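Engineer:
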Amino acid sequence: MKRLLFVIALLLGLLQYRLWLGENSLPEYFHLEQQIAAQNDSNARLEERNQVLKEEIRDLRSGTEALEERARNELGLIKKGETFYRVVGGEQRSMSLASQ
Numbered sequence: 001m002k003r004l005l006f007v008i009a010l011l012l013g014l015l016q017y018r019l020w021l022g023e024n025s026l027p028e029y030f031h032l033e034q035q036i037a038a039q040n041d042s043n044a045r046l047e048e049r050n051q052v053l054k055e056e057i058r059d060l061r062s063g064t065e066a067l068e069e070r071a072r073n074e075l076g077l078i079k080k081g082e083t084f085y086r087v088v089g090g091e092q093r094s095m096s097l098a099s100q
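Note that this note's numbering has the sequence shown beginning at 1, numbered continuously upward.
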């Protein structure tokens, strides 16, 4: 009977060792869960970014408004008959007015 209890205790000890310290242990499992959650977050951000890029491509292919807006913002496009005004220091003034 003592021998049987010893064998059972030994097996229980080995199982506990594998559970806490061995390969595929609980700490490793929790670490992998954290990595999976981080990867899922990263994937969600990238999918959102891809969706925005797809919409931008669709806009650029479908009409001239998106192309014109991009040319105005990035290249400084001005049509004939338009007058371009540049306001210098607008942010600083609006910030000082907001603080008063």
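Think of the CB as a built atom: it goes at the ideal place given N, C-alpha and C, for glycine as much as any other residue.
No experiment lies behind these values; they were computed from the predicted model shown.
Glutamine 16 to aspartate 41, Cα distance in whole Å?
Structural biologist: Rounded to the nearest angstrom, the two C-alpha atoms are 33 Å apart.
Engineer: On the DSSP letters alone, give me the boundaries of the alpha helix (DSSP H) that threonine 64 sits inside.
Structural biologist: First-last of the alpha helix (DSSP H) with threonine 64: 64-70.
Engineer: How is the alpha helix (DSSP H) around arginine 86 delimited, first residue to last?
Structural biologist: Neither: arginine 86 is in no alpha helix (DSSP H) and is coded neither H nor E.
Engineer: Flag this pair as yes or no: are the beta carbons of leucine 53 and leucine 60 separated by less than 8 Å?
Structural biologist: Not in contact: leucine 53 and leucine 60 (Cβ atoms no closer than 8 Å).
Engineer: Taking only three categories from DSSP, how would you classify lysine 54?
Structural biologist: Helix, per DSSP.
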